[in-house]
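Residue numbers (this note's numbering): -19 to 315.
#1: Checking the sheet assignment: what are the DSSP bridge partners for residue 324?
#2: Grab me the residues of residue 68's own chain with a C-beta within less than 7 Å of its C-beta, minus the 5 sequence neighbours each way, in chain order.
#3: Going by alpha carbons, who is nearest to residue 204 out of 218, 194, 224?
#4: Residues in its own chain within less than 7 Å of residue -19 by CB, not counting five upstream and five downstream?
#5: Could you tell me which residues DSSP pairs with residue 195 in its beta bridges?
#6: What residue range does the beta strand (DSSP E) around residue -10 cover?
#7: Would you mind reading off the limits of the beta strand (DSSP E) that contains residue 25?
#8: With a 10 Å radius around its C-beta and 16 neighbouring C-beta atoms as the bar for buried, classify residue 162 as buried or exposed.
#9: By DSSP, does residue 299 sit in helix, in strand, or in coil?
#10: Determine contact between the region 206 to 213 and the region 174 to 188, defined as no fewer than three beta-carbon pairs at a distance below 8 Å.
#11: Could you spell out the range, first to last residue, of the beta strand (DSSP E) harbouring residue 200?
#12: Is residue 59 closer than 8 Å to residue 12 when the C-beta atoms are compared?
#13: Rounding to the nearest angstrom, what Cα-Cα distance links residue 364 and residue 190 in this structure?
#14: Would you give the residue range spanned by the alpha helix (DSSP H) that residue 141 belongs to?
#15: So, is residue 20 buried or exposed, given that buried needs 16 or more other C-beta atoms within 10 angstroms?
#16: Since I believe residue 266 is in contact with residue 136 (beta carbons under 8 Å), could you give me their beta-carbon distance rounded to a whole number of angstroms?
#17: Apart from the five residues on each side of it in sequence, which residues of its chain come closer than 6 Å, Cβ to Cβ, to residue 122?
#18: Determine, using beta carbons only, whether residue 300 and residue 155 come nearer to each other than 8 Å.
#19: Here's the rule: buried if 16 or more other CB atoms are within 10 angstroms of the residue's CB, otherwise exposed. What is residue 199?
#20: What residues match up with residue 151 in a beta bridge as DSSP calls it?
#21: Any idea what DSSP makes of residue 323, helix, strand or coil?
#22: What span of residues does the beta strand (DSSP E) with residue 266 cover, start to end?
#23: When you compare only the Cα positions, how much space is there between residue 256 and residue 293?
#24: In angstroms with no decimal places, state the Cα-to-Cα distance between residue 186 and residue 9.
#25: By the three-class DSSP mapping on this structure, what secondary structure does residue 251 have?
#26: Residue 47 by DSSP, collapsed to three states: which one?
#27: Please list, in chain order, all residues of the same chain as residue 33 whose beta carbon is under 8 Å from its beta carbon, the five residues on each side excluded.
#28: Using 10 angstroms around the beta-carbon of residue 25, count the other beta-carbons present and answer buried if the total reaches 16, otherwise exposed.
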């Protein structure tokens, strides 16, 4: 009965989201796996594994098998997908026997990386696997008319990559993919605190800082936050105060790289579509679209309207699921 279940998977660097046609998003968990190094056994996946990051004994390691939007550890990714599908089956109360799956891939990924994603999904028991480019999925999820011959500009700021694409008539007209995203912001914050305060903080803390007091490069009322970490001089725990202006400076370079990618994509745009962009503007999706002030900043810099997708974190997964009905049309347009 359920052999032709159709599901869409957003296999993200930071989060895995699973979408089904009838229920919408049924699972949204971090792409983290906890493994016992002695037995090579998967102990936990998702939220449970993320809570273990940096807090486990030596033989248990919490790892993220996806790096920059592509598979870094093939075996662990396959194991993670199996566990995720078990969770989904439990939630839906049905056995997902040989589902048809659509998975999104970064537009800059190589054929080898695409093959790895395809095989990993096929290995957990999928009947058919279709791949869709991430920006196209994000555009469909953000309710843009991708099948029409008008310019839809999507900036998808994910955990590992930022994808900028102009989509028209079901295909990508011009795109740029850079390996800068939310993870890079976290890394910038960790390095900044280490360099300026001799304080070592974890990536979980850096992510909290980014969400609380991270700002794009716009003027704003300064806010402060208490941060705890390990003093590198004394080796003892220590608390410091960080301000939003400092964090702004720490992530400045990464933000400018994203802006550069947007500019480069718009410069490659055919003149006929440029008029559409002035009218319709640019849409931001992905977790990075939630950074404070990013909408105003991008709009000021590129002088066209900028909108944030109704549900930026889930846009790619929703689009991946919805694309099941239009995938063949899109593939014809892409050929």
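Just so you know, even glycine gets a beta-carbon here, dropped at the ideal spot from N, CA and C.
Once the coordinates are examined:
#1: Lying outside -19 to 315, the shown extent of the chain, residue 324 is not represented and no answer is given.
#2: As a first step, residue 68 is located in the chain shown; it is residue number 88 there, counting from the start. The residues -2, 6, 7, 76, in chain order, have a CB closer than 7 Å to that of residue 68 in the same chain once the five nearest residues on each side in sequence are set aside.
#3: On the chain shown, position 224 is the one that residue 204 refers to. Per the Cα distances, 224.
#4: Here residue -19 refers to the residue found at position 1 of the chain shown. Legend: pLDDT at residue -19 = 34, less than 50; position of this residue unreliable, value from coordinates given subsequently. Cβ within range, chain order: n/a, list empty.
#5: Here residue 195 corresponds to residue number 215 of the chain shown, with the count starting at 1. 272, per the DSSP bridge assignment.
#6: For the purposes of this step, residue -10 is taken as residue 10 along the chain shown, with counting starting at 1. Element bounds for residue -10: -14 to -9.
#7: Position 45 of the chain shown holds residue 25. 21 to 25 is the span of the beta strand (DSSP E), which, as asked, contains residue 25.
#8: Within the chain shown, residue 162 is the residue found at index 182, counting from 1. The residue is buried, with at least 16 neighbouring Cβ atoms inside 10 Å.
#9: Taking the first residue of the chain shown as position 1, residue 299 is located at position 319. The answer is helix: DSSP assigns residue 299 an H, G or I state.
#10: yes
#11: For the purposes of this step, residue 200 is taken as residue 220 along the chain shown, with counting starting at 1. Per DSSP, residue 200 belongs to no beta strand (DSSP E) and is neither H nor E.
#12: Your numbering for residue 12 matches position 32 in the chain shown. Your numbering for residue 59 matches position 79 in the chain shown. Between residue 12 and residue 59, the C-beta spacing is not below 8 Å.
#13: Since the first residue shown for the chain is -19 and the last is 315, residue 364 is missing from the structure and cannot be characterised.
#14: Here residue 141 refers to the residue found at position 161 when the chain shown is read from its first residue. Premise fails: residue 141 is in no alpha helix (DSSP H) and is neither H nor E.
#15: Along the chain shown, read from residue 1 onward, the residue named residue 20 stands at position 40. Residue 20 comes out exposed.
#16: Indexing the chain shown from 1 puts residue 136 at position 156. Indexing the chain shown from 1 puts residue 266 at position 286. Rounded, the Cβ-Cβ distance is 4 Å, consistent with contact.
#17: For this step, residue 122 is matched to residue 142 along the chain shown. So the qualifying residues of the chain are 263, 265, 289, 295.
#18: What you label residue 300 is simply residue 320 of the chain shown in a count that begins at 1. What you label residue 155 is simply residue 175 of the chain shown in a count that begins at 1. No.
#19: One-based indexing of the chain shown puts residue 199 at position 219. Exposed is the call here.
#20: As a working note, residue 151 is residue 171 in the chain shown. Residue 151 is bridged to 148.
#21: The chain is shown only over -19 to 315; residue 323 falls outside these bounds and no answer can be derived.
#22: Locating residue 266 in the chain shown gives position 286, counting from the first residue. First-last for residue 266: undefined, no H or E at that position.
#23: Translated into positions along the chain shown, residue 256 becomes position 276. Translated into positions along the chain shown, residue 293 becomes position 313. Cα to Cα, the separation comes out at about 25 Å.
#24: Reading the chain shown from its first residue, position 206 is the one you call residue 186. Reading the chain shown from its first residue, position 29 is the one you call residue 9. If I take the Cα positions, the gap works out to 19 Å.
#25: Residue mapping note: residue 251 aligns to position 271 of the chain shown, counting from 1. Residue state, collapsed to three classes: helix.
#26: Locating residue 47 in the chain shown gives position 67, counting from the first residue. Three-state result, residue 47: strand.
#27: For the purposes of this step, residue 33 is identified with residue 53 of the chain shown, where counting begins at 1. Cβ neighbours of residue 33 beyond the five flanking positions: 12, 42, 182, 183, 184.
#28: Position 45 of the chain shown holds residue 25. It is buried - the Cβ of residue 25 has at least 16 other Cβ atoms within 10 Å.
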